[in-house]
Amino acid sequence: MFNKFFLVLISLLFFASFSYSLKIVSPVEAEVLPGSTIELGKISPGQSFELIVLGEEVNSLELSGQFSEWADSFVFYEKNTGIKINVPLNASLGTKNLSFNAFNSSDPASSAESFNVLINVQNDLWSVSISDLSRTAKVGIPAEYSLVLSNESIGKQKIELSSDLPSYWMQKKTFELDSKSVLRDKIEVSPKHYGKREFSFVFSSLYSSESKKFNSRMSVESSLSSKYSSPSYGFPFFTPVLLSYYFAESVLSLLVQPFLSPQ
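Encoded structure:
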């Protein structure tokens with residue numbers, strides 16, 4: 231008799247736990263057991279991530295405890311429920327234990343399921359590589375650089391590329407990376423003067439103060455038409471010791487340029 235009662239009790243508990251099962255579907259996939267702790271991954275100060283769960287009786291998530299102020303807004307994806315978490319820019323580094331309650335807000339009598347997640351707050355979770363930092367180019371012909379950007383964080387990353395080149399050589403560009411992703415892209419520099427030029431590419435996170443700088447060198451070859459079209463973009467500025475030469479050449483170009491222009 232006792233054995234039958236015990237089996238019935240175990241079965242009821244099993245089906246009850248099954249019917250109220252809760253799963254995390256993003257940023258990782260994991261079954262959530264009562265009182266369990268799930269490790270989500272790494273994220274940097276200033277970034278955000280979305281915790282998405284799936285549960286038949288769940289339509290709300292609540293961040294409680296020490297980090298409750300990090301909660302931003304609710305998000306919904308079909309049958310999934312989630313909450314956006316902002317990691318402050320001044321957050322201390324290290325492992326953080328976040329406590330959540332999952333519940334049905336339309337049923338006050340329903341009980342909440344509590345669970346914890348671990349996030350590791352770190353700096354420098356994105357990287358950039360760029361090809362051919364020392365190269366030869368020709369005036370008027372864009373020089374192409376290949377980029378590989380990677381993001382190890384569970385949050386999205388947005389990176390801006392700038393340079394100390396004039397804006398008519400290269401425009402700023404912004405890259406958006408999904409969580410734990412790699413992006414391959416290309417940029418172009420359009421040289422307008424001949425000579426040698428040293429410059430820098432600077433990649434900066436728009437979510438933090440982190441930046442990465444790459445020094446580059448370009449030797450630009452000229453053509454006859456490019457030499458005498460330099461006044462369109464100002465004097466060449468690569469080698470200041472030759473300013474007197476550039477000045478005389480630019481004056482001469484003003485006289486020669488009409489004969490080079492198409493009639």
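First residue of the sequence shown? That's 231 in our numbering, and the numbers climb one at a time after it. By construction, the Cβ of each residue, glycine as well, lies at the ideal position given by its N, Cα and C atoms.
Does the distance from the CB of D394 to the CB of S430 come in under 7 Å?
-> Yes, the pair counts as a contact, with Cβ atoms nearer than the cut-off.
Please classify Q296: does DSSP put it in a helix, a strand, or coil?
-> helix
Beta-carbon separation of L319 and G385 under 7 Å?
-> no
Pick helix, strand or coil for W399, following the three-state DSSP scheme.
-> W399: coil per DSSP, three-state reduction.
Grab me the residues of I273's own chain with a C-beta within less than 8 Å of its C-beta, minus the 5 sequence neighbours each way, in chain order.
-> If you ignore the 5 residues before and after I273, its C-beta comes within less than 8 Å of the C-beta of F279, V317, I349, N350, V351, Q352, L355, S383, I384 and G385, all in its own chain and listed in chain order.
Since S376 and K402 are thought to touch, with beta carbons under 8 Å apart, how far apart are those beta carbons, to the nearest angstrom?
-> Actually they are not in contact, since the Cβ atoms of S376 and K402 sit about 18 Å apart, beyond 8 Å.
C-beta contact flag for P421 and V378 at 7 Å | no
Following the continuous beta strand (DSSP E) through I315, name the residue where it begins and the one where it ends.
-> N310 to N316
On the three-state DSSP scale, how would you describe V347?
-> V347 falls in the strand class under three-state DSSP.
Nearest to Q296 by CA position, among R427, A321 and S452, is which residue?
-> When only C-alpha atoms are compared, the closest one is A321.
Please list, in chain order, all residues of the same chain as P492 whose beta carbon is under 7 Å from its beta carbon, the five residues on each side excluded.
-> In this prediction, P492 scores a pLDDT of 47, lower than 50, which makes its location untrustworthy; no coordinate-derived value is stated.
Residues in its own chain within less than 8 Å of E343 by CB, not counting five upstream and five downstream?
-> If we look at E343 and ignore the five residues flanking it on each side, its Cβ neighbours are Y250, L252, V262, P264, G285, V288, N331, A332 and F333.
According to DSSP, is V369 helix, strand or coil?
-> coil
Once you ignore the five residues that flank S329 on each side, which residues in its own chain have a CB closer than 6 Å to its CB?
-> S294, G295 and N346
Please work out which residues of its chain come closer than 6 Å, Cβ to Cβ, to V258, disregarding the five sequence neighbours upstream and downstream, and give them in chain order.
-> L270
Proximity winner among S298, I254, S266 and S364, relative to N310 (alpha-carbon distances) | I254
So, K442 versus V358, is the Cβ gap smaller than 7 Å?
-> yes
Put V288 into one of helix, strand or coil per three-state DSSP.
-> V288 falls in the coil class under three-state DSSP.
Rounded separation between S438 and G324 - CA only = Rounded to the nearest whole angstrom, the CA to CA distance from S438 to G324 is 17 Å.
K326 - DSSP class collapsed to helix/strand/coil = In the three-state reduction of the DSSP assignment, K326 falls in the strand class, which pools E and B.
Three-state secondary structure (DSSP) at N320?
-> coil
For V450, the three-state DSSP class (helix, strand or coil) = strand
Nearest-angstrom Cα separation, counted from M400 out to V419 = 5 Å
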